[in-house]
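Start counting the sequence shown at 1; every next residue gets the next number (full-length UniProt numbering).
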Amino acid sequence: MNEDWTTKKVDKYVVVNKTLGQGAYGTVYRGFLQEDETKQVAVKTIKIATISDTPKMIELIKREIAILQRINHPNIVRLFDVARTNNYLYMFLEYCADGDLKDYMAKKEEKRLSELEAVIFIKHIVEGFKRLYKQKIIHRDIKPANILLHQGVAKITDFGFARVMDTEMNDPAYLSRLGSPLYMAPQILEGQPFSAKCDVWSVGVMFYELLYGRTPWAAETAFQLLENIKKQPLKFFPKPVRSQKVKELITLMLRVQEKDRISWEGVFEDPTIKIDEEIIKENMRNILREKDEVSKSISLNKLYIDQNLVVGYLAKNPINTLENSNQSTLDASSEARSQSAKFSSQFDPESNGEIIMSNYKNEKKRRDAMLKYNNYFLFERNIAFFFNFVIQKVIKLQTIQMLQLTNDNYFRLIYLIAKNQMVHLERVNQQLNRKDHDKFDKETWGRFLASQEYQKLIQLIQMDMKHSSDFFSEISKKCNQVQQEELQNGKASSQTTSLIKNFLSIHNNNFEANDTFHMLYRDVIVENLKIIKNLNSKETEASLLILYLTICQNPYEEFKDINYDFNTFYEETENLNLQEIQEKLHKKGIK
1 MNEDWTTKKV DKYVVVNKTL GQGAYGTVYR GFLQEDETKQ VAVKTIKIAT ISDTPKMIEL
61 IKREIAILQR INHPNIVRLF DVARTNNYLY MFLEYCADGD LKDYMAKKEE KRLSELEAVI
121 FIKHIVEGFK RLYKQKIIHR DIKPANILLH QGVAKITDFG FARVMDTEMN DPAYLSRLGS
181 PLYMAPQILE GQPFSAKCDV WSVGVMFYEL LYGRTPWAAE TAFQLLENIK KQPLKFFPKP
241 VRSQKVKELI TLMLRVQEKD RISWEGVFED PTIKIDEEII KENMRNILRE KDEVSKSISL
301 NKLYIDQNLV VGYLAKNPIN TLENSNQSTL DASSEARSQS AKFSSQFDPE SNGEIIMSNY
361 KNEKKRRDAM LKYNNYFLFE RNIAFFFNFV IQKVIKLQTI QMLQLTNDNY FRLIYLIAKN
421 QMVHLERVNQ QLNRKDHDKF DKETWGRFLA SQEYQKLIQL IQMDMKHSSD FFSEISKKCN
481 QVQQEELQNG KASSQTTSLI KNFLSIHNNN FEANDTFHML YRDVIVENLK IIKNLNSKET
541 EASLLILYLT ICQNPYEEFK DINYDFNTFY EETENLNLQE IQEKLHKKGI K
């Protein structure tokens, strides 16, 4: 297309001169339904003149269209429509608002993901391949740039090199050498027969790259790449630390000889990928059998934070798409809807392109502001659950007698941290329930309250508060019992007696913390830090707890940005050795 165009009307769609990317052939633009500007699509445009003399290219395009028309899966980008004009072929595809996995990694400080996040994305991709495998389709061009992200979900795209297999999926066959060399299976690089396991290799290379920020092999040419694959054994680096089960799966996926490589059936059943719901149910049954209410509550709490410690890390760009066109999102503002109502039969998008582009720019500004609101509240929520995480650490080390805290001191510590979690969650909840917010623009805040993202956020916080409140209630009852017993036995020192009485003055369900609470919170943490340091100064786990308790005193010194990567924080901190922990403590003034 000429670069001087602004919008074009094609069939029932409007194509906007806003480039989203390049496919195996053609350029991908942004677009929307003419009748509703808020229903957005991605539009792949292919210039007919460039393919008319290339039968192979025409065959590939027809094949891509045929493949996408037969697939409807949440982890595969959907094809909604195809249209043709004199000069162009248009494919109207599901719009994915968060870009691709390549760009997502590039924005990371270390250019890689945490293991938790990488596994989540790979699970999404494998779910998509379950459908492709059933349809006997191989992709042949899997790479991070061909994995799109939308509201936390990874979706396979660009089926320009895909084809339907005539043979069994695991039977090698002579097929065209297509794809991106860096992610190509060695059989394709060598011009040998290959099967659906070529995609297993590509996903394995990508999995490795997500975890380490680099591919397992690299070279300037395809020939040298093949030589490196054959001669250089697969290597896993000591840092960042990765789990054994993940490394084992990648090793199976990157077997050089296809006969030795794991099949898709094997990948589908691998423990890294497959969630064993029976094990989860059995764990829940075992927890519910516990007779001690405090122990049961602690176990339920651990189960909850194992699954919900960090949420909302992937920015959910609030765009409405044809995929979920009945849902209201941040992008579907009243102004956008009123403007889209003008796109009737007498409205010409091509002659009013400047209006459309202006709307896009204005909506983007509002959308970015609302995303900051969303990220701010998720940031505060994740800090609240850091306190919960620390409680579980304290409980674990006290249970194995590494801490040796007195019973009254132990329960004061976990009670105060649990209450601080509730203070943070209650503050978030109160702010979310305000009709007006003094920190945010009134109009934009009103739109945020009407958005789908707000509904998701408020449901999350309410679920968090219900769980955390139940846990706090059990800890509170037990803590009160232990403090009263300590007072009644007459053996407590005058200093301990005074501390307990001060503590009982803030022992309540009031989650609007006052100065007395904050002072006692700091004092109890400092007191326990001294005890733990004196007993366990050379123990790695105890030193790690010292680091966490130090952060608890002022979490905002550690977590400084609303886009903070909590997943990476936990992953890296949990894998520190004793010397590294001591270095971090020294930087915080702890000796």
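Quick reminder that beta carbons are idealized off the backbone N, C-alpha and C, glycines included.
Taking every protein chain shown into account, the CB of residue 101 has 16 or more other CB atoms within 10 angstroms, so this residue is buried. For residue 444, the enclosing alpha helix (DSSP H) covers residues 442-449. Here DSSP, grouped into helix, strand and coil, assigns residue 164 to strand. Taken in chain order, the complete beta strand (DSSP E) segments of 3 or more residues contained in the region 32-61 are 36-47. Around the C-beta of residue 566, 16 or more other C-beta atoms lie within 10 Å, and the residue is accordingly described as buried. Straight across, the Cα-Cα distance linking residue 431 with residue 461 is about 11 Å. Distance from residue 359 to residue 37 at the Cβ level is roughly 7 Å; contact confirmed, criterion being Cβ atoms closer than 8 Å. DSSP places residue 88 inside the beta strand (DSSP E), whose first and last residues are 88-94.
Selection 226, 208, 215 and 220 evaluated against residue 186 yields 226 as nearest (Cα-Cα).
Boundaries of the alpha helix (DSSP H) around residue 307: 293-308.
For residue 238, the closest of 217, 221, 211 and 228 by C-alpha to C-alpha distance is 211. Around the beta-carbon of residue 419, 16 or more other beta-carbon atoms lie within 10 Å, marking it buried. According to the DSSP assignment, residue 104 belongs to the alpha helix (DSSP H) that extends over 101-106. Between residue 61 and residue 89, the C-beta gap is smaller than 8 Å, which places the two residues in contact. Leaving aside the five residues that flank residue 48 on each side, the residues in its chain whose CB is nearer than 7 Å to its CB run, in chain order, 87, 88 and 89. Contact annotation: the region 369-383 does not touch the region 518-530, with fewer than three C-beta pairs closer than 8 Å.
The beta carbon of residue 150 sits closer than 7 Å to the beta carbons of 96, 97 and 98 from its chain, once the five residues preceding and following it are set aside; these are given in chain order. Ranked by Cα distance from residue 93, the first of 157, 541 and 265 is 157. Boundaries of the beta strand (DSSP E) around residue 17: 13-22. Within the same chain, Cβ atoms closer than 6 Å to the Cβ of residue 10 are found at 83 and 90, the five residues on either side in sequence being excluded.
Within the region 512-544, the runs of alpha helix (DSSP H) that reach at least 4 residues and sit entirely inside it are, in chain order, 515-536.
Taking every protein chain shown into account, the CB of residue 208 has 16 or more other CB atoms within 10 angstroms, so this residue is buried.
Of the other Cβ atoms in all chains shown, fewer than 16 fall within 10 Å of the Cβ of residue 535; this residue is therefore exposed.
DSSP, reduced to helix, strand and coil, places residue 400 outside both helices and strands of the structure shown, so it counts as coil. In this structure residue 129 touches residue 264 by the C-beta definition: roughly 6 Å separates them, less than 8 Å. Scanning 442, 509 and 484 for the CA closest to the CA of residue 498 turns up 484. Counting every other CB atom within 10 Å of its CB across the protein chains shown gives residue 560 a total below 16, marking it as exposed.
Of all C-beta pairs linking the region 111-125 to the region 216-230, fewer than three are shorter than 8 Å, placing the two stretches out of contact. Here the alpha carbon of residue 193 sits roughly 30 Å from the alpha carbon of residue 154. Annotated three-state conformation of residue 500 is helix, per DSSP. The distance from the Cβ of residue 540 to that of residue 590 is about 15 Å, inconsistent with a contact at the 8 Å cut-off. Look at residue 27 here: in three-state DSSP terms it is strand.
Secondary structure of residue 159 (DSSP, three-state): coil. By the 16-neighbour rule on beta-carbons within 10 angstroms, residue 254 is buried.
Measuring C-alpha to C-alpha distances from residue 233 to each of 216, 287 and 391 identifies 216 as the nearest.
Shown here, residue 7 sits in a strand according to DSSP, grouped into three states.
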